[in-house]
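Visitor: Sequences listed follow chains B, W, U, Y, E and L, in order.
If you're matching positions, the first sequence starts at 2 in our numbering and goes up one per residue.
If you're matching positions, the second sequence starts at 2 in our numbering and goes up one per residue.
If you're matching positions, the third sequence starts at 2 in our numbering and goes up one per residue.
If you're matching positions, the fourth sequence starts at 2 in our numbering and goes up one per residue.
If you're matching positions, the fifth sequence starts at 2 in our numbering and goes up one per residue.
If you're matching positions, the sixth sequence starts at 2 in our numbering and goes up one per residue.
Using N, Cα and C, we set each Cβ at its ideal position, and we do this for glycine too.
I am attaching a structure below and will ask some questions about it afterwards.
6 protein chains.
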Amino acid sequence: MKEIYVSDLAAYEEGKLFDSYFLVLARQFRTTQTNKPYLHLILCDKTGQLEGRAWEPADPRIGKDIERGDVVKVRGCVQRFNDRLQMKLEQLRKAYPQEIDKGEYMPATTYDVAALWNQLLGFVESFSDPHLKMLLTSILEDPKIAGAYREAPAAKQLHHAWLGGLLEHVISLLTLADRVAPHYPILHRDLLLTGVILHDIGKVRELAWDIGFEYTIEGVLLGHIQIGAGLAERAMDSLPAFPSRLKTLVLHMILSHHGKLEFGSPKLPMIPESLMLSFLDDLDAKMMAMQMEFDKGAREGRPADELSGKVWALDQRQLLNTRAWLGEEKEQEISQ
Amino acid sequence: MKEIYVSDLAAYEEGKLFDSYFLVLARQFRTTQTNKPYLHLILCDKTGQLEGRAWEPADPRIGKDIERGDVVKVRGCVQRFNDRLQMKLEQLRKAYPQEIDKGEYMPATTYDVAALWNQLLGFVESFSDPHLKMLLTSILEDPKIAGAYREAPAAKQLHHAWLGGLLEHVISLLTLADRVAPHYPILHRDLLLTGVILHDIGKVRELAWDIGFEYTIEGVLLGHIQIGAGLAERAMDSLPAFPSRLKTLVLHMILSHHGKLEFGSPKLPMIPESLMLSFLDDLDAKMMAMQMEFDKGAREGRPADELSGKVWALDQRQLLNTRAWLGEEKEQEISQ
Amino acid sequence: MKEIYVSDLAAYEEGKLFDSYFLVLARQFRTTQTNKPYLHLILCDKTGQLEGRAWEPADPRIGKDIERGDVVKVRGCVQRFNDRLQMKLEQLRKAYPQEIDKGEYMPATTYDVAALWNQLLGFVESFSDPHLKMLLTSILEDPKIAGAYREAPAAKQLHHAWLGGLLEHVISLLTLADRVAPHYPILHRDLLLTGVILHDIGKVRELAWDIGFEYTIEGVLLGHIQIGAGLAERAMDSLPAFPSRLKTLVLHMILSHHGKLEFGSPKLPMIPESLMLSFLDDLDAKMMAMQMEFDKGAREGRPADELSGKVWALDQRQLLNTRAWLGEEKEQEISQ
Amino acid sequence: MKEIYVSDLAAYEEGKLFDSYFLVLARQFRTTQTNKPYLHLILCDKTGQLEGRAWEPADPRIGKDIERGDVVKVRGCVQRFNDRLQMKLEQLRKAYPQEIDKGEYMPATTYDVAALWNQLLGFVESFSDPHLKMLLTSILEDPKIAGAYREAPAAKQLHHAWLGGLLEHVISLLTLADRVAPHYPILHRDLLLTGVILHDIGKVRELAWDIGFEYTIEGVLLGHIQIGAGLAERAMDSLPAFPSRLKTLVLHMILSHHGKLEFGSPKLPMIPESLMLSFLDDLDAKMMAMQMEFDKGAREGRPADELSGKVWALDQRQLLNTRAWLGEEKEQEISQ
Amino acid sequence: MKEIYVSDLAAYEEGKLFDSYFLVLARQFRTTQTNKPYLHLILCDKTGQLEGRAWEPADPRIGKDIERGDVVKVRGCVQRFNDRLQMKLEQLRKAYPQEIDKGEYMPATTYDVAALWNQLLGFVESFSDPHLKMLLTSILEDPKIAGAYREAPAAKQLHHAWLGGLLEHVISLLTLADRVAPHYPILHRDLLLTGVILHDIGKVRELAWDIGFEYTIEGVLLGHIQIGAGLAERAMDSLPAFPSRLKTLVLHMILSHHGKLEFGSPKLPMIPESLMLSFLDDLDAKMMAMQMEFDKGAREGRPADELSGKVWALDQRQLLNTRAWLGEEKEQEISQ
Amino acid sequence: MKEIYVSDLAAYEEGKLFDSYFLVLARQFRTTQTNKPYLHLILCDKTGQLEGRAWEPADPRIGKDIERGDVVKVRGCVQRFNDRLQMKLEQLRKAYPQEIDKGEYMPATTYDVAALWNQLLGFVESFSDPHLKMLLTSILEDPKIAGAYREAPAAKQLHHAWLGGLLEHVISLLTLADRVAPHYPILHRDLLLTGVILHDIGKVRELAWDIGFEYTIEGVLLGHIQIGAGLAERAMDSLPAFPSRLKTLVLHMILSHHGKLEFGSPKLPMIPESLMLSFLDDLDAKMMAMQMEFDKGAREGRPADELSGKVWALDQRQLLNTRAWLGEEKEQEISQ
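What follows is the structure, encoded as structure tokens:
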């Protein structure tokens, strides 16, 4: 039903009316410096967010009962103020349930979640260790966890900050781990993959994503490492035959996956599988950060022979897109 | 029954025979460079440890069935080799159960454990928060935990490295916290004291103390912070009415009590009670380290007007005993 | 005489005239981009500061002889520019001496300074060491030092940044130290309290507070540790019988109270009293920073179930008000 | 011809004579405290090194003309002194050229060097970028470089410290890189593999391995990064058609492969290929360090349920062999 | 020909027309929020840079063929917008070659470049080591290098960021090194001076200064240390008799001149000459930063008894001008 | 009178009797493991120190009244034990006053102290600032300070650790500062030289050198920076006309001369003179450390083409003697 997105509005003429639906992230009554009252909203959909102002909040066409978290139907136009876009709202009401397609209001993975989920189950299916297979099956069959695992973003802002991002991140790491593991016969493949699947599972409670992406207070006070370890510990405790040594190793994988104490892991990796997990997690995040920076450069039309700006996620270093600089971009796309 | 201790043997003449009992910390068959076989033992009691050698291990008076962890009766004499004391063992057998007083073989608190335990229960009794009182009661009434809590050392080597050391450390911190808490009305006293009682509880599994003091593998891979948090989490989960917010705070107290990420706390203190706990724990450990260094100086006859050597537990700094240097030591003892 | 304060003006309507008195922190003649001249002032009272502009500086009703440090009487109104409040000044003259109550123009402790001072003297009175008692008496009886000690803020911006703040900070630490000292028999109480009283005394020259709070150049080049040590050294030199060992210890207390070289202490604490002082000073500052952040949250109406923003004085961490989050705020106030 | 190795001598009886050949690493005339002259040698073969002493250096059977770097034939016996093994030399002469098999005197890879070299050439053959293929071909066809590349150890002491170690390390990384590269379409495979092949090429001059493994002075003053960059730069300069942009990227791969300034890389990785190279090089070294520690534990008979000691190459952490601890060692060996 | 400079325009009345010449640093067509097209330029001369806007880009008087790097003649006036100065351009055309004095458009040294160059050659002439003299002669006679060396700035922004800045910096260091060298007989004067002359020579390719000052991509990926070492290595390779030990030392001087790994030097100084070079380079840069801060203070009319603001190039410390604060400025100027 | 030095004894035959004089650094009665009593001494002269044992302490020829700090006459011989040299003492008595030449017993500068002192006074004489000249005159004329200044070592162990070392170090720095100062007109020469003369003056009380070199307790608790600042402050206070601004600057020079907080300077250098002082002090110490390492290498016969070992005073780096490696040593000696 929704046809006009936040990302479309940059191109709109000032003053031209349009109708659309948005999610309300925040809502406040305010007064101008000259004491004129107005309703101030932060509205979003999956493409971004925008401020909106209703200058006649007493107008009967301006819905009074709107709250943070509602989807609303608005009629309004865009305005520009100091180069910043705003919406001026003429009319405003809560959307009817049948008008709401929840997927329209927050950024989401572009992959098919059901397919990713099946890939995940497939990896578990491939395990030869019966205890680890049973542990993961019991966790992934828990409808509360499974539902959250499929929806959760992997982060609030950095990499994979979208619905389904956690699952997408885990599938990428599983595939990568499966490529690398055979190179090192010392590695216990099932334990490594178990670590990949569970390392960030605490994020299902560290983050809240019903209305935008936020850290929960539990998340800030405990962190996803501790939440995930607690969750895994309870799951293992409920499997009577789960070997206690294996339990210690699974918890150690979760605890040590950030690789260094100063990154919030209370333990350094001390087994081959946790060393590998911490490397792959870091490597994948940094490669993803590079890719995102290059995509952004391409979107913004940065010429191929320019360096990026200083990238926060990579210690403020500048980046160069090798293929673009060498002029091999096209060949590459063709050859793939 | 035991009358001669490791600490006594330094004064013994070489060659003079004596009988005594010791705990076997390690046992190995070895050969000299000239291929002479001998039995090599590490023996200890609560005052220290010593090497022993039996040069005729085939002699029928040398017990064959001795293992790590046994208490043995020995007949032998001391020898000195390169200024190091050793025992030469003539005879050796397992002690009979009725000969063994377990308290003789490992260092232990000089306080009355039952009295310390009653102090601990008294603090819990004084709580006004019913949930925290019930939580601690349920943990301290669990006979497995309570037994371990009463016995556990607080560390393998540094401060309070003796049986009962954990309990002694906690009582000291409880008393200190109770002095400081009223100075800051912002503090939730019961939560602070709960943190004190539970912050190191993971040490009951991080350390093993049946035969000497050792870290367990679980302890090395997970650490007492994680073990303690898991233990507390399960205890709270088993109390149906325990408020979830309070649970988060109790876990946060345990997680953050080392105060800094690089000290192995995965979270910084973010509430007044955890900030206070991390300060008091650090302060008490450092004051204890100073006290121990001064005691050692006094034992070794270091003159009052000399600085200590570089103290490892205090960043290699040297220390000075104020009162001794000012010549006020005696007055102090009298006035107390 | 002063009835309208800076903190009141936020609620004023634009354009409505009022009369009041303020202290001049800065004064400059400026020109607009269109070359219109105006007089630019920074005005303050104990509740905050505000910019003021007089658009007709040549108007005879605008006093010409005004300087930094004067208290002025103004007639004007408020204006809002980009959400920032300013004063538009119609008339302006120096206040008459009889109109000025100095206490109105800079933030000051809410405690009774005379009472705090008596508490301080009471602590000194309680000393049993005659030399330290005489030292502090001689310093606190010096009218120049005593006057400054009563007035000085404890900092330019962070904790206790108000007149009387130094004294308030010292009394809080004395009370705290007196609670903690008996827990450690090793501590020389009088030396500890002497350290508390003298540790920040250099701030009477590091800061200037006659017109706003500023660092002096002496303060920036030498620092309050050095200034305080010099002041204490001269005071001890002037007491012929003061023991030289005690002098070394008193100076060491001042030098080492920041606890670490990188915090500007040229020496680490090496005696029990200086270790304790450095801990308590740091602990008290951090607890105060927490309290101030919670007070600010309450003033700004932050809901109890929200974390604070990142707090600069606590390493950018976020904070949570335990009692508020647990909904125990009211009980607490009643029960106290 | 050589039949008795250093590693065999530990089991020898004292005093029993044997004949063998060794390489002389050092040679000095010394005097005992009682002024008895002797000849002191450090002798080695591919299994280790040992001290030797000739007590009658004037004896005509003791060769006078021996120098560092000679292979010698000795007749002697072992002695044990303070648990340390030594050789007592009765006779000693230079070996005849026909007695010397150079491969016997320094540790060397257990792989077939010719096969590794063919693998290396095979990787180059697989390149699609003509410039990089030509660059590597020209370097690897240079007989001076190729000879050194085949022989060089990868380090003096840590990982791959044996003849052929550099080549072995590069082949392992090439295989690993080839597994990982397809996971990231952004990567320029040929450039990545070029970086792998050239990143440590400076070690052919940083190390000397004719008589034991030593750093050269050039190596200490310039380092293998700089030496390798210089070598690569000259090779590219000598290819007239080599694109200048590609040259910059190849040099950047070498310069940044340590990943951090403080590890001696003058530049951080700024392209995807150098980021990947720095991760894989570090990961492979750490996995190798784990494997070596486990092998050492197995050789020394450390029980499976014990942690290793603190491992220098892994920040002093202790390690646990997952499979051994879980008791899966055998299954693993069978299943592979 | 140019009479009006960027630095003059701050004082200009809005709207008053003037004619002048500027260099175009950037050029873009843009649209206002209300879709009004305009031409946006960044214009500069040796005194600074300024934005310019042409509001009628279709006007035939607005040159269409203008590119980044052109010098243009403009007619326009200044405007102020939010306190920021802009130029409004009425007319605009490329300057004719005969109108352009290249020296007017970028900041340049105030010294006579020819004189500085002769000083440099004079230092080389004074060498007694024939190889180093020949090396420097061959480098400085290479017209491509010599030309760039004379023009290059020493940095993009910090010290000596002007045309000729590199040469000026080197002459200052040569003079200083020549003063210090005789104090340490251990120093090899010619090697030290060679290091001074070559340490920053890589900046001739790290920076580009034809149109403003920019880092080249080669500069960002390789850095001036590596570029300079490569350049010096090729120069030494082309001198057949150049001793290989001396070559290693010259390269080591360049590699280690930043003094610490974390400052981008892949090697620490290990010979007296490189230690001295790294100290003098750092000292001279910091003294220059102090001088520049004091000059800025004087230009801005900062009173002598005020500290500077926090200076970025000196770890955010504040500075005080000794002579100014002591009131000795005038005497000094007279006495010199 | 003394003819045989510690440094001579290494070459002595065991058992051969000799007579000589030494200073007693320590004296203890001890017992062997077999309960044999002996007298243990640490004896020294200006060339080093050595242990001595008297095996028949009850023998009437063994002086009973010997104390730490006495010079003694001994008759004995050398013994070697585990490669360590000892003296076996047959006879032992206090030396008669007329036998003692104090200069024989501690290492001392090889320069003429009176000449160095005159150089120092000459520098002061050259000042044009009357206040600084008077300050230094008053300090250097104080017989207690002047005496100590002439005798004090500059350190306990590192650079200039000999009697007169402080003076030697200061003269070297004065000469260096005087070479550098004219290069920077911004520098206040007299203030810089004042800083050089006073920066380490606290060492006259930080160290004790009557019997060996030791830190005093005052030195350890306060440090030479604080002691020196206190000393300078009192000297300036006693000059009624000394300008207060100049006093602040002089104190700042002393406080900041270590250059960084973590090196124990409570303030960073903030004026040109203190920046210069901190650089020169560090540079001179490091050049001296290089020189000492090369001298040691020469004494120990290290070949010119070897690097030094890892040098503690230079961050564990290895060093290379440029001239020796280039084979220019001789030329240099001739040309100087």
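Please state the DSSP three-state secondary structure of S257/E.
Guide: Three-state DSSP puts S257/E in coil, outside helix and strand.
Visitor: Would you mind telling me which residues of chain U sit closer than 8 angstroms to Q319/E, beta carbon to beta carbon, in chain order?
Guide: Per Cβ cutoff of 8 angstroms: V221.
Visitor: Looking at K287/L: is its Cβ nearer than 9 angstroms to the Cβ of F280/E?
Guide: Closer than 9 angstroms, so yes.
Visitor: Who are the neighbours of I218/Y on chain L, taking C-beta pairs under 9 angstroms?
Guide: The answer, in chain order, is D306, E307, L308, L321 and W326.
Visitor: According to DSSP, is F295/W part of a helix, a strand, or is it coil?
Guide: F295/W falls in the helix class under three-state DSSP.
Visitor: Are there 16 or more other CB atoms within 10 angstroms of the CB of A155/U, so buried, or fewer, so exposed?
Guide: By the 10 Å Cβ count, A155/U comes out buried.
Visitor: Kindly list the residues whose CB is nearer than 7 angstroms to the CB of D306/Y, restricted to its own chain and excluding five residues on each side of it in sequence; keep chain order.
Guide: So the list reads W326, once near-sequence residues are dropped.
Visitor: Kindly indicate which three-state DSSP category S139/E falls into: helix, strand or coil?
Guide: Residue state, collapsed to three classes: helix.
Visitor: Should E334/Y go down as buried or exposed, given a rule of 16 or more other Cβ atoms within 10 Å for buried?
Guide: Because the pLDDT of E334/Y is 41, which lies under 50, any placement of that residue in the model is unreliable, and the number read from its coordinates should be weighed accordingly. E334/Y should be labelled exposed.
Visitor: Give the interface partners of H253/B over in chain W, defined as CB-CB distance under 8 angstroms, in chain order.
Guide: Ordered by position in chain W, the residues that pass the 8 angstroms Cβ test against H253/B are L222 and L223.
Visitor: Less than 9 angstroms between CB atoms is the rule here; does R235/B satisfy it with respect to chain W?
Guide: Yes, its Cβ sits closer than 9 angstroms to a Cβ of chain W.
Visitor: Determine whether the Cβ of L10/Y lies closer than 9 angstroms to any Cβ atom of chain L.
Guide: No, because no Cβ of chain L sits closer than 9 angstroms to the Cβ of L10/Y.
Visitor: In whole angstroms, what separates the C-alpha of D238/W from that of E15/U?
Guide: Near 58 angstroms, if we compare the C-alpha coordinates of E15/U and D238/W.
Visitor: Is the shortest distance between the beta-carbon of I335/Y and the beta-carbons of chain B less than 9 angstroms?
Guide: Any reading at I335/Y must be qualified, since the residue scores a pLDDT of 37, below 50, and its modelled position is unreliable; the value itself is stated next. Answer no: the Cβ-Cβ gap between I335/Y and chain B never drops below 9 angstroms.
Visitor: Using a Cβ-Cβ cutoff of 9 angstroms, what residues of the segment 164-195 of chain L are near chain E? List them in chain order.
Guide: Cβ contacts with chain E: S173, T176, L177, R180, V181, P183, H184, Y185, P186, I187, L188, H189 and L192.
Visitor: Once DSSP output is grouped into helix, strand and coil, what is the label at E152/B?
Guide: DSSP places E152/B in helix when its eight states are reduced to three.
Visitor: Run the CB neighbour count on P304/Y, radius 10 Å, all protein chains shown included, and call it buried at 16 or more, exposed below.
Guide: Label assigned to P304/Y: exposed.
Visitor: Rounded to a whole number of angstroms, what is the C-alpha to C-alpha distance between I5/U and A149/U?
Guide: For I5/U and A149/U, the distance between alpha carbons rounds to 29 angstroms.
Visitor: Determine which residues share a DSSP beta bridge with E52/W and list them.
Guide: According to DSSP, E52/W bridges with I43/W and Q87/W.
Visitor: Where G224/W and E234/B are concerned, what is the direct C-alpha to C-alpha distance, given to the nearest angstrom?
Guide: If you take the alpha carbons of G224/W and E234/B, they lie about 15 angstroms apart.
Visitor: Is L51/E a contact residue of the ligand NAP, with contact defined as CB to any heavy atom under 8 angstroms?
Guide: Absence of the ligand NAP from the depicted structure is noted, as is the absence of any ligand whatsoever, leaving it without description.
Visitor: In this structure, does DSSP put I63/E in helix, strand or coil?
Guide: DSSP places I63/E in strand when its eight states are reduced to three.
Visitor: Taking DSSP as the reference, what is the three-state secondary structure of P38/W?
Guide: P38/W falls in the strand class under three-state DSSP.
Visitor: When DSSP labels each residue in this structure, what does L24/Y get in the three-state scheme?
Guide: Three-state DSSP puts L24/Y in a strand.
Visitor: Please report the straight-line C-alpha distance between Q337/B and K157/Y, rounded to a whole angstrom.
Guide: Low confidence applies here, because Q337/B scores a pLDDT of 36, under 50, leaving its location unreliable and the question unanswered by this model.
Visitor: Can you list, in chain order, the residues of its chain with a C-beta nearer than 7 angstroms to that of W163/E? Leave out the 5 residues immediately preceding and following it.
Guide: P108, A109, T110 and P154.
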